[in-house]
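What follows is a short report on a single structure.
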Amino acid sequence: MKILYSLRRFYHVETLFNGTLSVAGRDQETTGFAWWAGNARLINLSGKLLGAHVAHAGLIVFWAGAMNLFEVAHFVPEKPMYEQGLILLPHLATLGWGVGPGGEVIDTFPYFVSGVLHLISSAVLGFDGIYHALLGPETLEESFPFFGYVWKDRNKMTTILGIHLILLGLGAFLLVFKALYFGGVYDTWAPGGGDVRKITNLTLSPSIIFGYLLKSPFGGEGWIVSVDDLEDIIGGHVWLGCSTACAGPRQFL
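Just so it is clear: in the sequence shown, position 240 is 240 by the numbering used here, and no numbers are missing.
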């Protein structure tokens, strides 16, 4: 009798390691995860998982720095950024760096510095990732208890969550400080084609800030993208920074 359907055809998919590819203690039979599961194979190896995360961060920062320098090298000051297909320089320009009156880019050196700093940071992160992945301890619980963890320990898991929330809050406040005290940010709604200005009158009213969330995303209301005031944007970051930075320490309790 001819068999039209058989699981034998798919057995090779389930046999993910052979004798030559298996590494002691890290094969599918030992860890419960196959090679394509990525970091899941390191779920109980906190040191190796740290190396994977740091190396991943290094790759992201390297891309940002390399792409930044690529855009600086191809930037044409006489043409608007939106006509040049730029994806990173516009974000740096919104922070007020290199922008003169009327929204004109008059200095690309800050963009160059940003790219170089990202490349240097990516090298440091890359070396750290390689060290923790290949040379460092496989687990951190014994030598560095603060950085070690057990997945079933809910207190430790919430501590990790709290640290992430605090860092997110600090990031939001960095934009607030830049807008208030360190040169200001680019205001696309300013007369004459936009201008860089400091924010002097924050919008902190909850009815205004959270009112954007109550708007309809359909039709002409525009939901949160309907904001057209820098005071509202920076004030929203104050609320965001306070909520995340204050929620973070609660996770330690």
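We put the CB at the ideal spot given by N, CA and C, even for glycine. Owing to the predicted nature of the structure, the values given are computational and were not obtained by experimental measurement.
Check: Identity of the residue in Asp232, Ser122 and Leu86 nearest Val61 by Cα; Outcome: Ser122
Check: Close-in-space but distant-in-sequence residues of the same chain around Gly235 (CB under 7 Å, 5 per side omitted); Outcome: Leu202, Thr203, Leu204 and Ile209
Check: Backbone CA spacing between Ser216 and Lys48 [nearest angstrom]; Outcome: 46 Å
Check: Close Cβ partners of Leu214 (< 7 Å) along its chain, the five nearest in sequence each way excluded; Outcome: none
Check: Backbone CA spacing between Ile199 and Phe173 [nearest angstrom]; Outcome: 14 Å
Check: Of the residues Leu95, Glu29, Thr30 and Ser46, the one placed nearest Val150, counting alpha carbons only; Outcome: Ser46
Check: Residues bridged to Asp195 [DSSP beta-bridge criterion]; Outcome: Asp187
Check: Element boundaries [alpha helix (DSSP H), containing Tyr212]; Outcome: Gly211 to Leu214
Check: Where Val99 sits in the DSSP three-state scheme; Outcome: strand
Check: Beta-ladder partner(s) of Val105, from DSSP; Outcome: Val99
Check: Neighbour-count burial assignment, Val185, 16 or more Cβ in a 10 Å radius; Outcome: buried
Check: Nearest-angstrom Cα separation, counted from Leu135 out to Leu230; Outcome: 48 Å
Check: Selection from Val116, Pro145 and Glu104 that minimises the alpha carbon distance to Gly192; Outcome: Glu104
Check: Expected contact under 8 Å - CB spacing of His118 and Gly65 to nearest Å; Outcome: 3 Å
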